[in-house]
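Residue numbers (the numbering used here), protein chains in the order written: chain G, 37 to 427; chain V, 338 to 547.
Glycine included, C-beta positions come from ideal geometry on N, C-alpha and C.
Nothing here was measured: the structure is a model prediction, and the numbers come from that model.
Structure, as structure tokens:
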């Protein structure tokens with residue numbers, strides 16, 4: 037059985053030959069451990085897809101999440117100077133702005149004065165929104181421009197041709213028949229990334245009508261992007277909805293600002309493709325698994341256990357049984373990053389004991405595997421699953 | 338009369354009604370009310386309720402943020418009339434997100450809740466180096482240092498700051514928090530306390546300085 041088939045069966049709530057293994061790695065983990073230059077990983081499709089496959093092969097994962105968009109192919113023409121320090125790489129751009137790539141963490145783009153820019157809520161015209169890409173190399177702007185382009189992106193042809201390059205490259209290099217998943221951001225996540233978190237959270241009380249209008253538009257763009265990813269041949273689409281947990285918003289807020297928009301995306305994809313769609317929400321979601329199911333999602337990713345979140349696997353298994361697959365919920369900090377060999381083995385065996393019966397379970401870290409996680413800790417996962425994960 | 342308007346001010350803060358909170362504060366000042374009484378019986382009273390509701394999951398971050406906005410706006414018109422001792426309250430807390438980390442929403446909420454619980458708060462912002470923490474502790478005569486980290490890559494830096502504080506024999510208490518932080522991690526790095534959330538941070542801070 038191929039990895040692709042194994043993951044497909046699990047996503048269809050069935051039992052394959054064994055439980056599939058598929059974790060999301062933090063960008064910093066690729067930077068530290070793939071042997072590929074962080075600049076290549078962050079700015080090129082070839083570098084990123086190579087890093088994805090290198091690490092998936094090393095850890096014997098059954099699937100890969102392609103969680104960066106393609107990049108402007110001629111981005112190097114914008115570079116003035118690259119400074120490589122011990123802790124970070126700094127790229128100075130011709131426009132006076134700069135990007136800092138820490139050796140072990142997510143890069144960020146700064147303007148000349150060292151600030152990150154975010155539009156004010158009052159400046160936002162919902163009609164001009166379509167999609168906000170938090171991983172754009174120059175971060176977000178309004179009205180939206182891609183990368184170093186000065187052209188405002190119009191609704192027709194909003195996504196540049198290169199946007200799907202990472203997905204296409206990852207699929208092209210997929211000699212091991214892994215399950216390849218793509219990512220779109222939930223309209224709610226896009227809204228928070230657009231305004232920066234505090235302003236966005238205040239906006240839902242100051243002018244909820246305008247926020248809903250923004251989310252409506254962002255839903256349309258998300259559907260278009262997800263459909264184009266499906267056309268590329270991905271095996272599943274993940275909706276990244278990191279800010280929808282109880283750490284930030286109430287169930288009522290979720291019902292108002294998250295659920296209807298994610299439901300529309302999922303309904304639209306279910307009507308037009310066979311590609312499964314699942315949802316990634318960090319932190320405290322134990323009180324809203326029922327609401328997440330109402331979006332029609334095919335699966336739930338992360339499911340952070342205490343103390344990181346509030347999801348106990350036995351309860352989640354009961355709630356989601358025969359309704360949605362589970363991808364999670366190993367504690368990436370207290371178990372994988374800080375745990376010793378014995379603790380990790382005990383923890384994984386226990387999660388398999390709960391998650392495996394009846395199928396519909398993909399063994400995974402809850403949130404991303406931290407940059408500094410010892411590689412031998414992650415390598416343990418595949419050896420345990422070969423014995424304990426078999427059906 | 339004052340009691341009613343104190344309550345109106347507290348309610349405006351609880352509701353996050355910025356305009357009403359400012360109006361009540363201005364009215365009280367115009368009536369010649371003692372600014373310290375306005376602070377204690379109106380603004381801080383309101384924020385105390387906000388803290389309790391947040392702790393009990395009756396309200397969430399958006400509601401806390403608009404209450405904080407109402408509190409801050411009112412305080413800004415009140416501050417010129419308050420004496421230094423009025424604003425020093427329970428002592429000074431220096432707070433910041435550690436070097437390499439640019440996440441600030443959790444830290445901001447903690448800072449605001451501490452401020453509204455009677456602490457003077459010096460917020461150093463994000464990406465704060467050990468030297469800057471040390472300078473602020475000394476210059477501001479801080480009784481507590483609060484450090485936040487959201488990333489596993491930056492949480493280790495908290496130990497570097499604590500080690501430096503110990504090397505310099507500063508008597509400040511250190512508390513830490515953030516998504517990947519736990520009680521055991523706090524103990525491991527030699528912090529004086531770990532706060533799971535903003536309400537915890539306030540309780541811990543009150544306890545730790547006794």
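Going straight from the alpha carbon of residue 129 of chain G to that of residue 116 of chain G, what length do you get?
5 Å
Identity of the residues DSSP links to residue 335 of chain G by a beta bridge:
G/314 and G/361
For a quick check, are the C-beta atoms of residue 392 of chain V and residue 536 of chain V less than 8 Å apart?
yes
Distance between residue 344 of chain G and residue 454 of chain V (C-alpha atoms, nearest Å):
27 Å
Our contact map puts residue 430 of chain G next to residue 109 of chain G with C-beta atoms below 8 Å; I'd like the distance itself, whole angstroms only.
Not covered by the structure: residue 430 of chain G. The range shown for chain G is 37 to 427.
Meets three-Cβ-pair contact criterion under 8 Å: the region 408-422 of chain V and the region 301-320 of chain G:
no
Would residue 107 of chain G pass as a contact of residue 80 of chain G if the rule is Cβ separation under 8 Å?
yes
Please decide whether residue 397 of chain V counts as near chain G, where near means a Cβ-Cβ distance under 8 Å.
Judged by the 8 Å Cβ criterion, residue 397 of chain V is in contact with chain G.
Is there at least one Cβ from chain G nearer than 8 Å to residue 383 of chain V's Cβ?
no
Once the 5 residues before and after residue 501 of chain V are set aside, which same chain residues still bring their CB inside 7 Å of it?
467 and 471
Quick check on the burial criterion: 16 or more other C-beta atoms within 10 angstroms. Buried or exposed for residue 187 of chain G?
exposed
Counting Cβ pairs, one atom from each stretch, are 3 or more of them under 8 Å apart for the region 280-299 of chain G and the region 314-326 of chain G?
yes
What number of angstroms, rounded off, separates the C-alpha of residue 407 of chain G from the C-alpha of residue 360 of chain V?
50 Å
Quick check: what's the CA-CA separation for residue 263 of chain G versus residue 255 of chain G?
Rounded to the nearest angstrom, the two C-alpha atoms are 12 Å apart.
If we require 4 or more residues per run, which alpha helix (DSSP H) segments fall completely within the region 40-127 of chain G?
Taken in chain order, the complete alpha helix (DSSP H) segments of 4 or more residues contained in the region 40-127 of chain G are 63-69, 74-79 and 81-95.
Within 10 Å of its beta-carbon, does residue 355 of chain V have 16 or more other beta-carbons around it, so buried, or fewer, so exposed?
buried
Sequence-distant residues of its chain with Cβ nearer than 6 Å to residue 194 of chain G (five each side left out):
166
Check the Cβ-Cβ distances between residue 306 of chain G and every residue of chain V, and say whether any is below 8 Å.
Residue 306 of chain G has a beta carbon lying at 8 Å or more from every beta carbon in chain V.
Under the DSSP definition of a beta bridge, which residues are partnered with residue 429 of chain V?
BP columns for residue 429 of chain V point to V/457.
Which residues of the region 367-382 of chain V have a Cβ closer than 7 Å to any Cβ of chain G? Give them in chain order.
none
What does DSSP give as the partner residue(s) for residue 219 of chain G in the beta ladder?
G/274
What are the uninterrupted segments assigned as beta strand (DSSP E) that are 3 or more residues long and contained completely in the region 137-215 of chain G, given in chain order?
144-146
Any idea what DSSP makes of residue 419 of chain V, helix, strand or coil?
coil
Just to make sure I have the definition right: I need the residues of chain V whose C-beta is within less than 7 Å of the C-beta of residue 343 of chain G. Which are they?
Per Cβ cutoff of 7 Å: 519.
Would the beta-carbon of residue 178 of chain G fall within 8 Å of that of residue 100 of chain G?
no
Cα-Cα separation between residue 360 of chain G and residue 349 of chain G, rounded to whole angstroms
14 Å
Give me the subset of the region 486-503 of chain V whose CB atoms are less than 9 Å from a CB atom of chain G, sorted by chain position.
Under the 9 Å Cβ criterion, the region 486-503 of chain V contributes 488, 489, 490, 491, 492 and 493.
If you run the structure through DSSP and keep just helix, strand and coil, what is residue 374 of chain G?
coil
CB of residue 451 of chain V within 8 Å of CB of residue 431 of chain V, strictly
Cβ distance not < 8 Å, so residue 451 of chain V and residue 431 of chain V don't count as in contact.
In the DSSP assignment, find the unbroken beta strand (DSSP E) run with residue 397 of chain G in it and report its ends.
In the DSSP annotation of this structure, the continuous segment of the beta strand (DSSP E) that includes residue 397 of chain G starts and ends at 397-401.
Where does residue 466 of chain V sit, in a helix, a strand or coil, going by DSSP?
coil
Which residues in chain V sit within 7 Å of residue 70 of chain G, going by Cβ to Cβ distance?
Near residue 70 of chain G there are no residues of chain V at all, since even the closest Cβ is about 16 Å away, more than 7 Å.
Against residue 402 of chain V, what residues of chain G qualify as contacts under a CB-to-CB distance less than 7 Å, listed in chain order?
By Cβ distance, chain G contributes 234, 237 and 238.
Could you tell me which residues DSSP pairs with residue 129 of chain G in its beta bridges?
DSSP, once it has assigned bridges, lists G/115 as partnering residue 129 of chain G.
For the region 124-156 of chain G, which residues have a beta carbon sitting closer than 8 Å to at least one beta carbon of chain V?
138, 140, 141, 144 and 152
On a Cα-Cα basis, can you pick out the residue from V/343, V/372, V/381 and V/358 that is closest to residue 349 of chain V?
V/358
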